[in-house]
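Residue numbers (this note's numbering): 11 to 123.
Each residue gets a CB set at the ideal place from its N, CA and C atoms; glycine is no exception.
For clarity, every value in this text was computed on a predicted model and none was experimentally measured.
This is how it looks when you write it as structure tokens:
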């Protein structure tokens with residue numbers, strides 16, 4: 011696993027990341043270890059040069075459900091959610107996940123902070 015991925019397995023870990031990223035965008039990547047589409051999205055996220063909170067669905071299904079209820083973003087996998095000041099700024103799933111799209115969303119989120 012690349013060092014720009016930070017594996018998150020519980021709500022406490024996610025809350026800590028959200029708090030530490032209060033002044034800059036946070037990228038959350040929900041990844042299925044069993045899905046070929048998610049594998050392709052993982053490859054894209056490896057190309058993204060920023061930090062990524064990685065949630066492996068099989069190892070943190072409860073966390074994925076908590077994200078859905080907390081932020082109002084329907085669960086999908088693979089899925090990327092960009093938070094700005096603890097709120098959803100942008101999200102994408104499946105084939106819409108590209109390194110370029112994530113970088114653009116993060117740039118835009120950073121400009122509006």
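Between residue 16 and residue 27 a beta carbon distance of about 7 Å is seen, short of the 8 Å cut, so the two are scored as contacting. One alpha carbon belongs to residue 67, the other to residue 121, and they sit about 31 Å apart. The Cβ-Cβ distance between residue 37 and residue 90 falls below 9 Å. Taken in chain order, the complete alpha helix (DSSP H) segments of 4 residues or longer contained in the stretch 50-83 are 71-81.
Of the residues 43, 44, 54, the one whose Cα lies closest to the Cα of residue 14 is 54. For residue 30, the uninterrupted alpha helix (DSSP H) segment begins and ends at 21-30. Scanning 88, 97, 58 for the CA closest to the CA of residue 31 turns up 97. Contact annotation: residue 74 and residue 87 have beta-carbon atoms nearer than 9 Å. For residue 116, the enclosing alpha helix (DSSP H) stretches over residues 109-121. From the listed residues 118, 71, 111, 108, the smallest Cα separation to residue 21 is found for 71.
The beta carbon of residue 81 sits closer than 6 Å to those of 98, all from its chain and outside the five residues before and after it, given in chain order.
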